[in-house]
Each structure stands twice: as structure tokens, then as C-alpha cells.
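**Q**
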Amino acid sequence: MSLIEKTAGELIELQSSGDATAEAIADSFLASIRVQDPKVQAFLHVDEAAVREQARAVDVKRKTGQKLGALAGVPVAIKDVLCTKGVPTTCSSKMLQNFVPPYDAHVIEKLKAADAVLIGKTNMDEFAMGSSTENSAYFTTRNPWDLERIPGGSSGGSAAAVAACFAPVSLGTDTGGSIRQPASLCGIVGMKPTYGRVSRYGLIAFASSLDQVGPFTHDMYDQALMMEVIAGHDGRDSTSVDRSVPAYTKSLDIPIKPLTIGVAKEYFGGGLDSEVEASIRTALKEYEKLGATVKEVSLPHSKYAIAVYYLVATAEASSNLARYDGMHYGHRAKGKLDLISMYSRTRAEGFGQEVQRRIMLGTYALSSGYKDAYYLKALKVRRLIKNDFDQAFSECDVILGPTAPTAAFKIGEKSSDPLAMYLSDIFTISCNLAGIAGISIPCGFTKTGLPIGLQIQAPPFEEEKMLRVAKMFENATDWHTKRAKVG
Amino acid sequence: MDIDQVKKVAKLGRLDLTDAELGVMATQLSAILGYVDQLQELNTDNVEPMAHPLPVQNVFRADELRPSLPVGEVLKNAPSRLGDFFAVPAILDAADDASH
Numbered sequence: 018m019s020l021i022e023k024t025a026g027e028l029i030e031l032q033s034s035g036d037a038t039a040e041a042i043a044d045s046f047l048a049s050i051r052v053q054d055p056k057v058q059a060f061l062h063v064d065e066a067a068v069r070e071q072a073r074a075v076d077v078k079r080k081t082g083q084k085l086g087a088l089a090g091v092p093v094a095i096k097d098v099l100c101t102k103g104v105p106t107t108c109s110s111k112m113l114q115n116f117v118p119p120y121d122a123h124v125i126e127k128l129k130a131a132d133a134v135l136i137g138k139t140n141m142d143e144f145a146m147g148s149s150t151e152n153s154a155y156f157t158t159r160n161p162w163d164l165e166r167i168p169g170g171s172s173g174g175s176a177a178a179v180a181a182c183f184a185p186v187s188l189g190t191d192t193g194g195s196i197r198q199p200a201s202l203c204g205i206v207g208m209k210p211t212y213g214r215v216s217r218y219g220l221i222a223f224a225s226s227l228d229q230v231g232p233f234t235h236d237m238y239d240q241a242l243m244m245e246v247i248a249g250h251d252g253r254d255s256t257s258v259d260r261s262v263p264a265y266t267k268s269l270d271i272p273i274k275p276l277t278i279g280v281a282k283e284y285f286g287g288g289l290d291s292e293v294e295a296s297i298r299t300a301l302k303e304y305e306k307l308g309a310t311v312k313e314v315s316l317p318h319s320k321y322a323i324a325v326y327y328l329v330a331t332a333e334a335s336s337n338l339a340r341y342d343g344m345h346y347g348h349r350a351k352g353k354l355d356l357i358s359m360y361s362r363t364r365a366e367g368f369g370q371e372v373q374r375r376i377m378l379g380t381y382a383l384s385s386g387y388k389d390a391y392y393l394k395a396l397k398v399r400r401l402i403k404n405d406f407d408q409a410f411s412e413c414d415v416i417l418g419p420t421a422p423t424a425a426f427k428i429g430e431k432s433s434d435p436l437a438m439y440l441s442d443i444f445t446i447s448c449n450l451a452g453i454a455g456i457s458i459p460c461g462f463t464k465t466g467l468p469i470g471l472q473i474q475a476p477p478f479e480e481e482k483m484l485r486v487a488k489m490f491e492n493a494t495d496w497h498t499k500r501a502k503v504g
Numbered sequence: 054m055d056i057d058q059v060k061k062v063a064k065l066g067r068l069d070l071t072d073a074e075l076g077v078m079a080t081q082l083s084a085i086l087g088y089v090d091q092l093q094e095l096n097t098d099n100v101e102p103m104a105h106p107l108p109v110q111n112v113f114r115a116d117e118l119r120p121s122l123p124v125g126e127v128l129k130n131a132p133s134r135l136g137d138f139f140a141v142p143a144i145l146d147a148a149d150d151a152s153h
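Protein chains in written order, with the numbering used here: chain G, 18 to 504; chain C, 54 to 153.
1) Using CA atoms only, rank isn't needed, just tell me which of G:THR211, G:ALA390, G:MET489 is closest to ASP90 (chain C).
2) What did DSSP end up calling VAL246 (chain G) once you bin it into helix, strand or coil?
3) Excluding five sequence neighbours on each side, which residues of the same chain lie with their C-beta closer than 8 Å to the C-beta of HIS153 (chain C)?
4) Which residues, taken in chain order from the segment 54-83 of chain C, show a beta carbon closer than 9 Å to some beta carbon of chain G?
5) Check the C-beta distance from SER110 (chain G) over to GLY367 (chain G) and give it rounded, since I have them as a contact under 8 Å.
6) My output table needs one value for SER19 (chain G): the three-state DSSP class, helix, strand or coil.
7) With distances taken Cα to Cα, identify the nearest neighbour of PHE144 (chain G) among G:LEU135, G:ALA154, G:GLY103.
8) What whole-angstrom Cβ distance do ARG217 (chain G) and ASP259 (chain G) have, given they're in contact under 8 Å?
9) Looking at SER49 (chain G) and CYS203 (chain G), is the spacing between their C-beta atoms short of 8 Å?
10) Comparing C-alpha positions only, which one of G:PRO468, G:GLN32, G:ALA339, G:ALA334 sits nearest to ALA180 (chain G)?
11) Alpha carbon to alpha carbon, what distance is there between THR256 (chain G) and PRO102 (chain C)?
12) Can you tell me whether DSSP reads LEU289 (chain G) as helix, strand or coil?
13) What residue from G:ALA501, G:SER34, G:ALA74 has the CA that sits closest to ALA43 (chain G)'s CA?
14) Going by DSSP, what residue range makes up the beta strand (DSSP E) through MET208 (chain G)?
15) With the cut-off set at 8 Å, would you say GLY193 (chain G) and ILE416 (chain G) are in Cβ contact?
16) Quickly, what does DSSP pair GLN472 (chain G) with across the bridge? List them, please.
17) For ARG69 (chain G), would you say it is in contact with chain C, using Cβ-to-Cβ distances shorter than 8 Å as the test?
18) To the nearest angstrom, how far is it from the Cα of ASN99 (chain C) to the Cα of PRO120 (chain C)?
19) What residues from chain C crowd round ALA395 (chain G), counting only those whose CB sits closer than 7 Å?
20) At 8 Å on the CB atoms, spell out the chain G contacts of GLU126 (chain C), in chain order.
21) For chain G, find out if any of its Cβ atoms is closer than 8 Å to the Cβ of ARG114 (chain C); answer yes or no.
22) Check the Cβ-Cβ distances between SER133 (chain C) and every residue of chain G, and say whether any is below 8 Å.
23) According to the neighbour-count rule (16 or more other Cβ atoms, all chains shown, within 10 Å of its Cβ), is ALA4 (chain G) buried or exposed?
24) So LYS127 (chain G) and THR106 (chain G) are supposed to be a Cβ contact under 8 Å. How far apart are they, rounded?
25) In chain G, which residues lie with their C-beta within 7 Å of the C-beta of GLU117 (chain C)?
26) Buried or exposed for LEU20 (chain G), please, with buried defined as at least 16 other CB atoms from any protein chain shown within 10 angstroms of its CB.
27) So with Cβ pairs under 8 Å, would you call PHE138 (chain C) a contact of chain G?
28) Of all Cβ atoms in chain G, is any one closer than 8 Å to the Cβ of PRO108 (chain C)?
29) Does any C-beta atom of chain G lie closer than 8 Å to the C-beta of PRO120 (chain C)?
30) Let me know the secondary structure DSSP gives GLU126 (chain C) once reduced to three states.
31) At the level of alpha carbons, what is the spacing between PRO119 (chain G) and MET78 (chain C)?
32) Beta carbons nearer than 7 Å to chain C: which residues of the segment 209-220 of chain G have them?
33) What does a CB cutoff of less than 6 Å around ARG166 (chain G) pick up in its chain, not counting 5 residues either side in sequence?
34) For VAL52 (chain G), count the other beta carbons within 10 Å of its own beta carbon; 16 or more makes it buried, fewer makes it exposed. Which is it?
35) Could you work out which residue in G:PRO419, G:ASP442, G:MET112, G:VAL68 is closest to LEU47 (chain G) when comparing CA atoms only?
36) I want to see whether chain C comes within less than 8 Å of MET359 (chain G), judged by CB atoms only; does it?
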């Protein structure tokens, strides 16, 4: 197995035993990017010299006997929605084409302190709005398992980067499924932590009551490792929760016994592809073999989740994106214009269609005369969705089901129909609305060789339990060892 | 959503859209609003709205001086600057704009 197919945990061991240097590891991944990324197009920005410099610094630290961080010499790809000091951060938007942040996001500070090697910034749907990366202002990322298909989104570049072995791990963000759905479609692991578990400082805001940062990895050990580094309280995010971070890697291999798995009957309805359903049913049988009790639970308001989401998320987005006015940073329309015309031209030129559509929808939902019928109504149904989960978790430890209704779809298949695209997030969206934790893990392939993901959802701040439940499945199967052959 | 409503919302959202763009927007937003109308079938009379997953409250830090970002670094991203300031169009009298 070559270096690029290894997990972060394995790469750390290879360095400790003296079998690989951080520089050799960085070089392997950079070579992989150079050869294969022109086909996959996962990255917006890679600075090879800067990557080598970071790796060499880790090797020097090791040689001189200095204390090394938990991710020493591990390359990490970063979704371009996270601010990186001195490194362009575009959000895949023309609005931020020339934006170079003067500070690091909290999670970037954490990675640097852990001696990780930041290998590059990854493509995404503009301002994280989308499910396929087709809304990037620059290009569409390809699914490493089938280059004619989308990798999912919005964190499609970060998911494809790990699936194509351009980096062993990466960071994404998840507002309605933007980590879990691409993880599922790319055959890797992706987690949305509980709202408040990871600081959003330096994460360019889309919908502030829903956004969370989380890791993409090949396996559960790397998830545990990444979470130990990025989770924890940060005073710069007023919604960051001050709770201690469990030693996830230490407890990972202890199975949950007894384990009651909830299966929401609402997740097995109309739009679910039969091959995806078969894989999920097989996974549930595997858990039963491991001693788990599978129990039917009900999330009766699930069917309203997309409607609630597209009012709440767009309302918050219309407010958050008001800051792009061409005054302090980002694009500014040319020409001699009065203030209002400059705002309006700047935003018409700088934002792509989907972002404009969501600003319009959110502005409408908050506007005088419509706020009660749309925004307020959505907030009330959001409460009902949250109550459903509280009730369900009183009867089970975790809820299992599909991450996405289908495997990866073809590029262009849904790009002209916004509503059809929104519906591909049907199983992931309620998790954000309720503020709970969710993870997608690989659980099989379609007959045509496309990955399928199993979603595990857990109550707030029960990531430790969620990881252990996922690890039980990983120990019993070998899906996590599969690597895409980029065609 | 008719074209006049779409125009009004575009104005509120500060988006200078062409007539063709407004037309597409009217069709697409109407379809999405038609979909979200299913929420009206639920009785939510006694339901407390949920704006946030956490019981959010004001979070204050100690009232102590801290270094802020260096002015020069911040202004590097400015579309237009004048010394240590952001240069923006005049808001009181359009004639003043000529000096910038």
C-alpha cells in the first residue's frame, strides 16, 4: 500500500517508527495531486513550496526532540470556506476571488498547533449553497469513483480530496448535509458534530444556527483523532459550548452494550433508491449480529424538514450575506455609481445564481407581511422536528438510516431544477435543524460501483457514543479499506 | 410570486437583476414557495418557535484591551483605500464622490 492510501493514524506511526518523514509524505500527496487533480478538480489552491516548508518544519522538530502535536506531518485539505491567514479564501465565489484573510479560523489554529500540514484549499458550492459543487463559480469537482458524476456538496472538494487520496483527511462544513452527503457519495467517513461542539470562528457564515465544521476521513480512528484536535470551547464564537472534549481515540474500540438502534420508518419511503435501501438493511442485520436491538422509531415531521430548512437557512443567509456590499473587502462593481447602485451592481456581479436565489427567498421570508407565514412558521415546525428527535432518543441510543436517497448522480442531472437538488438532502437536514450529531460511514456499493453511505445520528454531545457505534460496524466490515481508482 | 413582488424583493436584497433574471427568479421562487406551503397544513398554535438549537444567551468577555488586527493587513483586502481608510462612495451628496 502506498503512502497516499494510508490513514492519518498510519502516517503518524510511520513517522514515529522512522519509516517515513513528513516531507516524504507531503511529496507523495503533492505528486498525487499533480497527476490526478486535473481530472478530479478537488482543489482551488495548492502552494507546493508552502506545503513542503510546513512538512520540513515537522521533521526538524522531530529530529531535535521537540514535542510534536497530535497530527504531526499529516496533510489536511481545507474547504475554502475556512479562513486561512495569508492564503486565498474564496468560498468558491467571485465575490471573494481576491480575498486573503488576515487571520486563521479557530480550527485552522488548532490544526497548526497540532503540527498538521495544510495541503490546500478545496472547491465547494458557492458560499456552501448546494449539494454537488456545480454551484462553484470556478469549476465542478468530479467524483473520484466516476468522473462523470458529482462528488456531492457543498464540501465536495474536501470529500473528493480524501477519496482520491490527495490528503488522508480534510475539513468541511455542514449546514444541511454538506459533509455527510459528499462523504456518502465519495465512499468515506464524514461527521457533522453537535451544534456548538466546534468553534465557527473564521468560518464564513451561511446559516449561523445550522453551520458546523467537521472532518472527512477514511476511518473512525482518524475521525476520533481529528475531533480531539478541533473540538472544544472558543470564546470568539458565542455559540461555542464550554464542555470538556472526551478522549475519543481512547474509548473508540469499546463496543456499546447493550445497544438499541432506532430506525425511523419515515426514512424508508418513496424517494429511496432500492440498492441504497438494500445496503442499509444489510448494515442493520450486521448490527443485530453484533448484539444490537433494532427498534422502529418515528420522526413524524421529517417530511417537513426541507421546507423548514429552505426558509430558516435562506433567512439567515440573506442576513449574513448582507455584509458583501463591496465596501471593505471582496468584489466591488466598477464605474461611478451612487451608494445603492454600487451595492446592487456589486452583488449582482459577485454572487452566482443559487446564492442570489437564496438571498431572494430569505429576504422574502423575512419581509414585512410574510415573516409570520414563512419564517416564524418554519421556526415552529423546527421545534416539532427537534421534539421528534427528543422522543426518539428516549427509546434508542442512536438512529440509523441512509445518508442520501441515491448514490452520486450525473453532472448536470439536477442543476437546472433547484427543488430536485434540495430534495437530495432529505435525510441529512433535520440533524442540523435539531442541532444533534450525525455521521456518514461507507456501507457498500451499487452494482455500478458507486459508494453508499450509512448515517448514524446521536443526541447532542454524544459524539463519543456515535463514534463507538460506527467503529463496531467498521470492525466487522472492510468498506473503509476501499480506495477509488481515479479513471 | 409575480414579477412586481420579485422586483421588490430584489430591491430589498440589493440585487440589480435584469428582466430576464427576474423572470427566471419568479418561476423558480414560485415553485419553491409552493413546496414550502405544505407547512401551513400543520397546526402550530401552541408551539414555541425555535430560532436556535442551544439555549442562547449573551456571552460577555472580560472588558480588557486586546490587540486588534493590524490596519495595514486588513486594508490589503479593501477594494479602494485612502491612507488608513476604506474609500467608499459619498452618501450625503453625490457631487462629493468626485474627490475619491
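Note that beta-carbon positions come from the ideal geometry of N, C-alpha and C, so glycine has one too.
**A** Working from what's here:
1) Residue nearest to ASP90 (chain C) within the set G:THR211, G:ALA390, G:MET489 is G:ALA390 (criterion: CA-CA distance).
2) For VAL246 (chain G), the secondary structure class from DSSP, reduced to helix, strand or coil, is helix.
3) For HIS153 (chain C), the predicted model reports a pLDDT of 48, less than 50, meaning its position is unreliable and no value from the coordinates is stated.
4) In summary, the residues of the segment 54-83 of chain C whose CB is separated from some CB of chain G by less than 9 Å are MET54, GLN58, VAL59, LYS61, VAL62, ALA63, LYS64, LEU65, GLY66, ARG67, LEU68, ASP69, LEU70, THR71, GLU74, VAL77, MET78, GLN81, LEU82, in the order they occur in the chain.
5) SER110 (chain G) to GLY367 (chain G), Cβ: 7 Å. Contact.
6) In this structure, SER19 (chain G) counts as coil in the three-state DSSP scheme.
7) Closest by alpha carbon: G:ALA154.
8) With 8 Å as the limit, ARG217 (chain G) and ASP259 (chain G) do not qualify as a contact, their Cβ atoms being about 15 Å apart.
9) No; because the gap between Cβ atoms is not below 8 Å, this pair is not in contact.
10) G:PRO468 is the residue among G:PRO468, G:GLN32, G:ALA339, G:ALA334 whose C-alpha sits nearest the C-alpha of ALA180 (chain G).
11) Looking at the backbone, the Cα of PRO102 (chain C) and that of THR256 (chain G) are separated by about 18 Å.
12) LEU289 (chain G) falls in the coil class under three-state DSSP.
13) ALA43 (chain G) has its Cα closest to that of G:ALA74, out of G:ALA501, G:SER34, G:ALA74.
14) Unbroken beta strand (DSSP E) run through MET208 (chain G): 206-209.
15) Cβ distance not < 8 Å, so GLY193 (chain G) and ILE416 (chain G) don't count as in contact.
16) The partner list for GLN472 (chain G) (beta bridge, DSSP) reads G:GLY418, G:SER457.
17) Among the CB atoms of chain C, none fall inside 8 Å of the CB of ARG69 (chain G).
18) Roughly 48 Å separates the two Cα atoms.
19) Counting only Cβ-Cβ distances below 7 Å, ALA395 (chain G) has contacts in chain C at LEU92, in chain order.
20) Chain G residues near GLU126 (chain C): PRO119.
21) The beta carbon of ARG114 (chain C) sits closer than 8 Å to some beta carbon of chain G.
22) Nearest CB-CB separation between SER133 (chain C) and chain G: below the 8 Å threshold.
23) No answer is possible for residue 4 (chain G): the residues shown for chain G start at 18 and end at 504.
24) At roughly 17 Å, the Cβ-Cβ gap does not stay under 8 Å, so LYS127 (chain G) and THR106 (chain G) are not in contact.
25) Those within 7 Å of GLU117 (chain C) in chain G number zero; the least Cβ separation is about 12 Å.
26) LEU20 (chain G) is buried by the Cβ-count criterion.
27) Not an interface residue.
28) So no, PRO108 (chain C) is outside the interface.
29) Chain G places no beta carbon closer than 8 Å to that of PRO120 (chain C), leaving this residue out of the contacts.
30) In the structure shown, the three-state DSSP call for GLU126 (chain C) is helix.
31) A straight-line Cα-Cα distance of about 36 Å links PRO119 (chain G) and MET78 (chain C).
32) Of all residues in the segment 209-220 of chain G, TYR212, GLY213 have a Cβ within less than 7 Å of some Cβ in chain C.
33) If we look at ARG166 (chain G) and ignore the five residues flanking it on each side, its Cβ neighbours are ASN160, ALA425, LYS427.
34) Around the CB of VAL52 (chain G), fewer than 16 other CB atoms lie within 10 Å, so the residue is classed as exposed.
35) If you compare the alpha carbons of G:PRO419, G:ASP442, G:MET112, G:VAL68 with that of LEU47 (chain G), the shortest gap goes to G:VAL68.
36) Answer yes: the Cβ-Cβ gap between MET359 (chain G) and chain C drops below 8 Å somewhere.
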